[in-house]
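Novice: Start counting the sequence shown at 80; every next residue gets the next number (the working numbering).
Backbone N, C-alpha and C fix where the C-beta goes; we use that ideal spot for every residue, glycine too.
Shown below is the structure under consideration.
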Amino acid sequence: ADRRRFLALAGALLLALPACASVAAVTLPRLDGRLRVSPRLHPGLDGPGGFLKVRPEGWELPVYVLRDGADGFVALSPLCTHLGCVVEVEGSVLVCPCHGSTYERSGRVVRGPAERALRSFPTALEDDGTLLIDVRGGER
Ligand code: FES
């Protein structure tokens, strides 16, 4: 009976895994108010359609880092500009679970009720490929 219970538990854990994987954020220190992300070290980000959640140390909310085109990146606040729910990345768009506002990966609104783009954090690519995300503007 114990073995059966173990198998049932293992199965439940396996089922729960994809959901956990999608919410996990990498916590990073802020150096001079900036996060440093090496896309090569984060396979989720390395390639078209790439996406990674990073959480600045001490922050409650993550920053969504999305691959934009071949070499570009955008870093967005996950807070919907309608009433502040946390949006989720769904393929090529970001969707708010509360009232359905939908944003492009650039942060631009494609469907309301939100009217304003998601807040973005300035990014810069260093020569060695490190992505800098300027989070000096604060969490909200
Ligand atoms: Fe996101 Fe209303 S809070 S659509």
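Alpha carbon to alpha carbon, how far is residue 212 from residue 128? Give it in angstroms, no decimals.
Specialist: As a first step, residue 128 is located in the sequence shown; it is residue number 49 there, counting from the start. As a first step, residue 212 is located in the sequence shown; it is residue number 133 there, counting from the start. Whole-angstrom Cα-Cα distance: 18 Å.
Novice: Name the one or two DSSP bridge partners that residue 111 has.
Specialist: Mapped onto the sequence shown, residue 111 falls at position 32. Paired residue(s): none; residue 111 is not in a bridge.
Novice: Find the nearest neighbour of residue 192 within the set 183, 179, 198 and 201, judged by alpha-carbon distance.
Specialist: Position 113 of the sequence shown holds residue 192. Among 183, 179, 198 and 201, the Cα nearest to that of residue 192 is on 179.
Novice: Indicate the three-state DSSP secondary structure (helix, strand or coil) for residue 119 in the structure shown.
Specialist: The residue you call residue 119 lines up with position 40 of the sequence shown. Of the three classes helix, strand and coil, the one that applies to residue 119 here is helix, per DSSP.
Novice: Looking at ligand 1, does it come within less than 6 Å of residue 178, judged from the CB to the closest heavy atom?
Specialist: One-based indexing of the sequence shown puts residue 178 at position 99. Flag set: Cβ of residue 178 near ligand 1.
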